[in-house]
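Peer 1: Residue numbers (the numbering used here), protein chains in the order written: chain A, 1 to 163; chain B, 1001 to 1175. In this text, a Cβ means the ideal position worked out from N, Cα and C, and glycines have one as well.
Written out as structure tokens, the structure reads:
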């Protein structure tokens, strides 16, 4: 066999030779390598402990269930949120109305409205008084028996509406 | 096929190989069990996105990375207390430990495992994957991001380095 001077190529040839040989090579160093290789191959497999296998499968199953648990948790949270939102107006106390700060224009308009009501009210009373006064029966106060009745009587006369 | 069924098949198909890889890299049963379980849980989370044929390289990479993280942590915290603890939790007898008259062979196996666990990376991973687990060159090359020729040569060199270490230890014991 051609022997290479390149260490990598030389070791590659040795590696291939060891891999392909069913019996120990003649060269002592290679024969020792070959024997160690066989010894390593005979170290035997280690079985995965049953409890580790079971734990891994259990972990997988529990993780598979996790989306369901997350779904249930999400549904619970949603239910709580909906309940809180629905009950919130019932529970919350009646809030006081917000304070109003009238402007000068508002006050002026308000004053104008009061004045209008006042004027209209007074006029309505005067008109109503005129309308009903004639129908009213003047009570007999017995003025004639009082002293100086002549001085008081003119003040109790009905106003003259003709003029 | 259902995702759960596929996962179970992958666990049964590759679980032991992953556990053995972790056990040989770490030299401790308890840590190897943790790594195997962690890797399998990761497999479940990713099983849907893994294409057929990608699973084994992916699993080996996951396992190896987890082991390397632990080994790096060990290097940082190495001290007397850790060495004492390791004595108590070292590898158990395993499936190949011989009883009684096979004590010598058992000792040789332990020496081999200890020497293997002390090998640097990627030599240790190459010896485990190629010589012990007998994975094909292409899979190992893909997993370790090496060319196929690199896998062959580096494995050859790693094996020779391991042999020299074992011989030196043996010579030291005789002396």
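To the nearest angstrom, how far is the alpha carbon of residue 1004/B from that of residue 63/A?
Peer 2: The residue labelled residue 1004/B in the question sits at position 4 within the second chain. The residue labelled residue 63/A in the question sits at position 63 within the first chain. Cα to Cα, residue 1004/B sits roughly 11 angstroms from residue 63/A.
Peer 1: Following the continuous alpha helix (DSSP H) through residue 117/A, name the residue where it begins and the one where it ends.
Peer 2: Residue numbering aside, residue 117/A sits at position 117 when the first chain is read from its first letter. Residues 104–133.
Peer 1: Give me the chain B residues within the contact set of residue 50/A, using Cβ-Cβ distance strictly less than 7 angstroms, ordered along the chain.
Peer 2: Within the first chain, numbered from 1, the residue matching residue 50/A stands at position 50. Chain B residues near residue 50/A: none, gap ~10 angstroms exceeds 7 angstroms.
Peer 1: Between 38/A, 32/A, 129/A and 58/A, which lies nearest to residue 1164/B when the distance is taken from Cα to Cα?
Peer 2: Position 164 of the second chain, counted from the first residue, corresponds to residue 1164/B. Of the candidates 38/A, 32/A, 129/A and 58/A, the one whose C-alpha sits nearest the C-alpha of residue 1164/B is 32/A.
Peer 1: At least one CB of chain D closer than 8 angstroms to the CB of residue 1140/B: is that the case?
Peer 2: Reference to chain D is not applicable here, since the protein chains of this structure are A and B.
Peer 1: Which residues in the same chain have their Cβ closer than 6 angstroms to the Cβ of residue 1129/B, if we skip the five residues on either side of it in sequence?
Peer 2: Translated into positions along the second chain, residue 1129/B becomes position 129. Around residue 1129/B: 1135 and 1140.
Peer 1: Can you tell me whether residue 56/A is buried or exposed, with buried defined as 16 or more other CB within 10 angstroms of its CB?
Peer 2: For the purposes of this step, residue 56/A is identified with residue 56 of the first chain, where counting begins at 1. Under this definition residue 56/A is a buried residue.
Peer 1: Are at least three pairs of beta-carbons, each pair with one atom in the segment 1032–1042 of chain B and one in the segment 71–81 of chain A, less than 8 angstroms apart?
Peer 2: They do not touch, by the three-pair rule.
Peer 1: For a contact defined as C-beta to C-beta under 9 angstroms, what are the partners of residue 59/A on chain B?
Peer 2: Along the first chain, read from residue 1 onward, the residue named residue 59/A stands at position 59. The contacting residues are 1037, 1040, 1041 and 1044.
Peer 1: Which residues in chain A sit within 7 angstroms of residue 1015/B, going by Cβ to Cβ distance?
Peer 2: Here residue 1015/B refers to the residue found at position 15 of the second chain. In chain order: 48 and 53.
Peer 1: Whether or not the segment 1102–1116 of chain B and the segment 1055–1071 of chain B are in contact is what I'm after, with contact meaning three or more pairs of Cβ atoms, one per stretch, closer than 8 angstroms; do they touch?
Peer 2: The answer is no - the segment 1102–1116 of chain B does not touch the segment 1055–1071 of chain B, with fewer than three Cβ pairs under 8 angstroms.
Peer 1: Closest by CA to residue 48/A, which one among 1013/B, 1052/B, 1150/B and 1056/B?
Peer 2: Numbered from 1 along the first chain, position 48 holds the residue referred to as residue 48/A. When each option's Cα is compared against that of residue 48/A, the closest is 1013/B.
Peer 1: Compare the beta carbon distance of residue 1015/B and residue 1040/B with 8 angstroms and say whether it is the shorter of the two.
Peer 2: Stepping through the second chain from its first residue, residue 1015/B is reached at position 15. Stepping through the second chain from its first residue, residue 1040/B is reached at position 40. Against a cut-off of 8 angstroms, the Cβ pair of residue 1040/B and residue 1015/B comes out as a contact.
Peer 1: Note down, in chain order, each residue of its chain lying with its Cβ closer than 6 angstroms to the Cβ of residue 1148/B, except the 5 sequence neighbours on either side.
Peer 2: The sequence position of residue 1148/B within the second chain is 148, counting from 1. Closer than 6 angstroms at Cβ, skipping near neighbours: 1137 and 1141.
Peer 1: Please determine, among 1057/B, 1046/B, 1047/B and 1032/B, the residue with the shortest C-alpha to C-alpha distance to residue 1066/B.
Peer 2: The count along the second chain starts at 1 and reaches residue 1066/B at position 66. It is 1032/B.
Peer 1: In chain order, what residues of the same chain lie with their CB nearer than 7 angstroms to the CB of residue 1018/B, ignoring the 5 residues before and after it?
Peer 2: Locating residue 1018/B in the second chain gives position 18, counting from the first residue. Same-chain partners within the cutoff: 1036, 1039, 1059 and 1063.
Peer 1: When burial is assigned at 16 or more other CB atoms within 10 Å of the CB, is residue 14/A buried or exposed?
Peer 2: One-based indexing of the first chain puts residue 14/A at position 14. Its Cβ being crowded by 16 or more others within 10 Å, residue 14/A is buried.
Peer 1: I need the boundaries of the alpha helix (DSSP H) containing residue 1142/B, first residue and last residue.
Peer 2: One-based indexing of the second chain puts residue 1142/B at position 142. It spans 1137–1144 - the alpha helix (DSSP H) in which residue 1142/B sits, taken as one unbroken run.
Peer 1: If you reduce the DSSP assignment to three classes, tell me which class residue 1028/B lands in.
Peer 2: In the second chain, residue 1028/B corresponds to position 28, counting from 1. Strand, per DSSP.
Peer 1: By the criterion of Cβ-Cβ separation under 7 angstroms, what are the contact partners of residue 1143/B in chain A?
Peer 2: Along the second chain, one-based indexing puts residue 1143/B at 143. None at all; the shortest Cβ gap to chain A is about 18 angstroms.
Peer 1: Just verifying my parser: in three-state terms, what is the DSSP assignment at residue 1051/B?
Peer 2: For the purposes of this step, residue 1051/B is identified with residue 51 of the second chain, where counting begins at 1. Coil.
Peer 1: Considering only their Cβ atoms, is the gap separating residue 1117/B from residue 1025/B smaller than 8 angstroms?
Peer 2: Locating residue 1025/B in the second chain gives position 25, where the first residue counts as 1. Locating residue 1117/B in the second chain gives position 117, where the first residue counts as 1. In contact: residue 1025/B and residue 1117/B (Cβ atoms closer than 8 angstroms).
Peer 1: Cutting at 8 angstroms between CB atoms, please list the residues of its own chain near residue 1169/B, excluding the five before and the five after it.
Peer 2: Sequence index remark: in the second chain, residue 1169/B carries index 169 (1-based). Closer than 8 angstroms at the Cβ level, and outside the excluded window around residue 1169/B, lie 1111 and 1115.
Peer 1: With a Cβ-Cβ cutoff of 8 angstroms, do residue 12/A and residue 1153/B count as a contact?
Peer 2: Reading the first chain from its first residue, position 12 is the one you call residue 12/A. Reading the second chain from its first residue, position 153 is the one you call residue 1153/B. Cβ distance < 8 angstroms, so residue 12/A and residue 1153/B count as in contact.
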